[in-house]
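Peer 1:
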Amino acid sequence: MKKVIFDSYCIIAYFEKDSGYEKVVDYFKDAVNNEVELIISIVNWGEVYYIILREQGIEKALEFERLFQILPIKIVDIDIELTKIAARFKAFKKLSYADCFAAATAAVRKGELVTGDHEFEEVAKEVKISWI
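Start counting the sequence shown at 118; every next residue gets the next number (our numbering).
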């Protein structure tokens with residue numbers, strides 16, 4: 118099954134109905150139909166949570182947490198090997214640390230990274246990227 122890794126950009130676009138929202142919904146439909154496996158690292162999930170908490174407060178962060186549970190996305194933990202790959206990306210690419218975990222998750226899982234964040238152009242030779 119095709120593996121699709123979301124970065125925080127996708128989740129924020131979905132919840133705020135920003136640019137790319139429709140493409141994210143299409144990925145959800147594909148996941149429900151068992152055509153793709155949607156994945157997000159716990160680091161990127163945490164990035165979405167802290168952004169919502171910082172910008173909208175605890176109630177919205179808790180609402181995000183509740184609503185996320187019904188989405189067809191698997192949250193994956195981070196281990197030392199994935200962390201080392203993320204650290205290598207951070208050492209040599211101009212990406213945020215959280216974005217490095219999204220890229221590393223895509224590399225390790227041999228999946229396609231879905232994003233609208235053009236910082237990921239830095240890793241386009243190492244990771245397959247689909248743009249929303």
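Heads up, the beta-carbon is just placed ideally off N, CA and C, and yes, glycines get one too.
These figures come from a predicted structure and were not determined experimentally.
(1) Do three or more CB pairs link the segment 208-218 to the segment 168-177 at distances below 8 Å?
(2) If you check the beta carbons only, do isoleucine 202 and alanine 224 fall under 8 Å apart?
(3) Quick check on the DSSP output: the alpha helix (DSSP H) that includes valine 165 runs from which residue to which?
(4) Helix, strand or coil for serine 213? Go by DSSP, reduced to three states.
(5) Output needed for glutamate 152: all residues of its chain with C-beta closer than 8 Å, excluding positions within five of it in sequence on either side, in chain order.
(6) What is the DSSP secondary structure of glutamate 152, reduced to helix, strand or coil?
(7) By the 10 Å Cβ neighbour count, where 16 or more other Cβ atoms means buried, how is tryptophan 248 classified, buried or exposed?
Peer 2: Taking the coordinates as given:
(1) In this structure the segment 208-218 does not touch the segment 168-177; the number of beta carbon pairs closer than 8 Å is below three.
(2) Result yes, Cβ atoms of isoleucine 202 and alanine 224 sit closer than 8 Å.
(3) For valine 165, the uninterrupted alpha helix (DSSP H) run begins and ends at 159-173, by DSSP.
(4) The answer is coil: DSSP assigns serine 213 none of H, G, I, E or B.
(5) Excluding sequence neighbours, glutamate 152 sits near Met118, Lys119.
(6) Correct three-state label for glutamate 152: coil.
(7) By the neighbour-count rule (16 or more Cβ atoms within 10 Å), tryptophan 248 is not buried but exposed.
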